[in-house]
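Chains as they are written, first to last, in our numbering: chain A, 1 to 65; chain B, 66 to 331.
Glycine included, every Cβ here is placed at the ideal spot set by N, Cα and C.
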Amino acid sequence: MQIILNGETRSFEQIVTIQDLLNKLQLTGRLAVEVNQEIVPRSLFHTHEIRTGDTVEIVHAIGGG
Amino acid sequence: MTERQAEADDKLVIAGKTYTSRLLVGTGKYKDLEETGRAVAASGAEIVTVAIRRSNIGQNKNEPNLLDVISPARYTILPNTAGCYDADSAIRTCQLARELLDGQALVKLEVLGDPKTLYPDTPATLLAAGKLIADGFAVMVYTNDDPIMAKRFEEMGCIAVMPLAAPIGSGLGIRNPYNIRTIVENAKVPILVDAGVGTASDATIAMELGCDGVLMNTAIAEAKNPVLMASAMKKAVESGREAWLAGRMPRRAYASASSPIDGRFF
Chain A
1 MQIILNGETR
11 SFEQIVTIQD
21 LLNKLQLTGR
31 LAVEVNQEIV
41 PRSLFHTHEI
51 RTGDTVEIVH
61 AIGGG
Chain B
66 MTERQAEADD
76 KLVIAGKTYT
86 SRLLVGTGKY
96 KDLEETGRAV
106 AASGAEIVTV
116 AIRRSNIGQN
126 KNEPNLLDVI
136 SPARYTILPN
146 TAGCYDADSA
156 IRTCQLAREL
166 LDGQALVKLE
176 VLGDPKTLYP
186 DTPATLLAAG
196 KLIADGFAVM
206 VYTNDDPIMA
216 KRFEEMGCIA
226 VMPLAAPIGS
236 GLGIRNPYNI
246 RTIVENAKVP
256 ILVDAGVGTA
266 SDATIAMELG
276 CDGVLMNTAI
286 AEAKNPVLMA
296 SAMKKAVESG
306 REAWLAGRMP
316 RRAYASASSP
326 IDGRFF
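Below is the structure:
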């Protein structure tokens, strides 16, 4: 499937849920996820399915003033 | 601790939580996370701002996260909406931040008007503040030093108002102390100077004007010795607060001798 992930078009196979995607990307720690400009709560990472064409943003906290 | 008790102990109360330190610091512009951690610790700050940005995909997976070094268990993490030039992106940022921080809804709202001055876009800030407050956020709002706007932000429900001393990162200090003083006099919510502080005396002046706190980032991060400057800022805010509480002497146009005239032998 093809999605836009953090601004870039990416293809993934065998990714169904957000948690699958995070595991594939080896992303851990505190983060938040938006799919098609709607926040998906952490409690739904294991169930929310990503579909081809989705726009996904994965964000975290960094240094700032 | 009740609010009255907090007042008696001269504590800072923000969104129902009591703090001893009146110095708030940012985490940007440091050499690395290690320096960030040391400077924040030296500052004694209990509230620390962070920015919300895309995670690095496919880069150094073992890179430590900021929140590993600046832990939400130890500090109150205050997400900002830095880099937002419109209300929608600021609102989205706050919503993501709230999710990231397990439902903590305290945010520092800034909606910028132009990249050269980083001055706040007041109409956009008002719009964002209204929507965020309606959505249950506790909004600390970055604004200019207009006393009318400061009051409007308070009246609409912002829990703290944060007038700039000078443009973000400029280090110019408090350019308009009279406006800051007016804002403080009119306010029923905490007033914290945010942006433009350059050195310790700037922070002291802010506190001597009656401000409830000071937020700074560049003044510490861009000092030649950030950890030492963080320590200086801690003392600067404390001394300015004590001077304010002590009630300064009046200014006089002419001299007033400190030693008696009587008993002179010459």
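DSSP-derived helix/strand/coil call for residue i
i                 : result
tyrosine 207(B)   : strand
alanine 231(B)    : coil
glycine 305(B)    : helix
methionine 281(B) : strand
arginine 10(A)    : strand
glutamate 49(A)   : strand
lysine 76(B)      : coil
threonine 141(B)  : strand
lysine 173(B)     : strand
isoleucine 156(B) : helix
glutamine 37(A)   : coil
lysine 96(B)      : coil
glutamate 128(B)  : coil
alanine 104(B)    : helix
aspartate 200(B)  : coil
glutamine 19(A)   : helix
leucine 88(B)     : strand
Through-space distance from residue j to residue i, alpha-carbon basis
i                 : j                 : result
threonine 43(B)   : isoleucine 233(B) : Residue 43(B) cannot be examined here, being either before or after the span of chain B that is shown, 66 to 331.
glutamate 250(B)  : serine 235(B)     : 26 Å
asparagine 244(B) : arginine 217(B)   : 15 Å
leucine 132(B)    : glutamate 307(B)  : 32 Å
cysteine 159(B)   : leucine 177(B)    : 15 Å
proline 185(B)    : glutamate 49(A)   : 39 Å
alanine 286(B)    : leucine 174(B)    : 21 Å
threonine 264(B)  : threonine 247(B)  : 23 Å
isoleucine 142(B) : histidine 60(A)   : 13 Å
valine 258(B)     : arginine 157(B)   : 25 Å
glutamate 13(A)   : leucine 25(A)     : 12 Å
cysteine 149(B)   : aspartate 74(B)   : 37 Å
leucine 191(B)    : proline 325(B)    : 58 Å
methionine 221(B) : alanine 322(B)    : 50 Å
threonine 9(A)    : threonine 55(A)   : 9 Å
Contact test: residue i Cβ vs the ligand HEM heavy atom, cutoff 7 Å
i               : result
glutamate 13(A) : In the structure on display, the ligand HEM does not appear, and there are no ligands present to speak of.
Beta-carbon gap between residue i and residue j smaller than 8 Å
i                 : j                : result
valine 292(B)     : alanine 107(B)   : yes
valine 33(A)      : isoleucine 15(A) : no
valine 279(B)     : valine 254(B)    : no
methionine 298(B) : alanine 320(B)   : no
isoleucine 3(A)   : glycine 53(A)    : yes
alanine 110(B)    : serine 136(B)    : no
methionine 281(B) : valine 90(B)     : yes
threonine 92(B)   : valine 105(B)    : yes
isoleucine 239(B) : alanine 189(B)   : no
lysine 196(B)     : alanine 152(B)   : yes
serine 304(B)     : threonine 269(B) : yes
leucine 31(A)     : leucine 166(B)   : no
proline 129(B)    : leucine 98(B)    : yes
Minimum C-alpha distance to residue i - residue among the options
i                   : options                                       : result
asparagine 6(A)     : Thr92(B), Arg119(B) and Arg103(B)             : Arg119(B)
methionine 214(B)   : Met205(B), Gly201(B), Phe202(B) and Pro228(B) : Pro228(B)
glycine 81(B)       : Ala203(B), Asp133(B) and Leu197(B)            : Ala203(B)
glutamate 57(A)     : Gly29(A), Glu49(A) and Ile39(A)               : Ile39(A)
aspartate 200(B)    : Thr208(B), Val172(B) and Ser296(B)            : Val172(B)
isoleucine 117(B)   : Lys300(B), Leu161(B) and Pro242(B)            : Leu161(B)
serine 154(B)       : Ala170(B), Ala138(B), Ala194(B) and Thr141(B) : Ala194(B)
phenylalanine 45(A) : Gln37(A), Asn23(A), Thr55(A) and Ile62(A)     : Asn23(A)
leucine 27(A)       : Val78(B), Ile122(B) and Arg329(B)             : Ile122(B)
glycine 102(B)      : Ile62(A), Pro41(A), Arg42(A) and Leu31(A)     : Ile62(A)
asparagine 209(B)   : Glu99(B), Ile256(B), Lys94(B) and Thr83(B)    : Ile256(B)
serine 266(B)       : Val134(B), Gly275(B) and Lys300(B)            : Lys300(B)
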